[in-house]
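Structure first, then comments.
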């Protein structure tokens, strides 16, 4: 039986977890193996226990498919303006207020796990609905969905 990973406890923790899942990293150790940043540090970044260093973010960025600047902004080490990332278009690192509020609730240790699971299921349902309405065929990685197909296989 595999041990369930704890939910991140900070907005950066959720951002890091999503990037890891999008890239197929199923554990902090998997990311450690390719980046050289210890699994313990990666776990502490997700919990909000410590702020990552620019040096470690530099090691993580290429394996997570983002720039060092993206990670520095998401972790609070720098602003987009400080990094010269501001253009006429909105920054990718900024979340819609509704998504940011959902992340806040998901990171709140006072909220029971079953309530967090319900919130995640509600969000997935809304995203699925709008994907269908818009005819978008973007697949969500299986780890992000967290489910299996009716045949018991991991989702697409």
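In our numbering, the protein residues as written are 96 to 251.
Even for Gly, the Cβ is constructed at its ideal location relative to N, Cα and C.
Just so we're clear, the structure is a prediction, and the values are computed from it rather than from any experiment.
Quick check on DSSP: helix, strand or coil for residue i?
i           : result
residue 172 : coil
residue 226 : helix
residue 219 : helix
residue 208 : helix
residue 232 : coil
For residue i, which residues in the same chain have their Cβ closer than 7 Å to its Cβ, ignoring the five residues on either side in sequence?
i           : result
residue 174 : 168
residue 145 : 139
residue 200 : 206 and 214
residue 218 : 197
By Cβ distance, which residues of its chain are closer than 8 Å to residue i, with the 5 residues on each side in sequence left out?
i           : result
residue 156 : 162, 163, 165 and 166
residue 96  : Only weak support is given to the placement of residue 96: the predicted model assigns it a pLDDT of 44, under 50, and the value that follows is read from those uncertain coordinates. Result list for residue 96: empty, nothing under 8 Å.
residue 149 : 163, 167 and 172
Taking residue i as part of the alpha helix (DSSP H), name the residues at either end of that continuous run.
i           : result
residue 201 : 192-202
Can you give the beta carbon distance from residue i to residue j, rounded, assuming they're within the 8 Å contact cut?
i           : j           : result
residue 158 : residue 130 : 5 Å
residue 109 : residue 202 : 6 Å
residue 143 : residue 105 : 3 Å
Among residues of its own chain, excluding the 5 on either side of residue i, which ones have a beta-carbon nearer than 6 Å to its beta-carbon?
i           : result
residue 107 : 169 and 170
residue 123 : 134, 137 and 138
residue 180 : 164
residue 120 : 126
With a threshold of 7 Å between beta carbons, is residue i in contact with chain B?
i           : result
residue 144 : No chain B is present in this structure, which holds just one protein chain.
Is residue i a contact residue of the ligand FMN, with contact defined as CB to any heavy atom under 6 Å?
i           : result
residue 210 : This structure simply doesn't include the ligand FMN, nor any ligand for that matter.
Original post:
Counting only runs that start and end within the segment 111-183, where is the alpha helix (DSSP H) found for 4 or more residues in a row?
Top reply: Whole alpha helix (DSSP H) segments, 4+ residues: 123-130, 134-142, 149-159 and 163-170.
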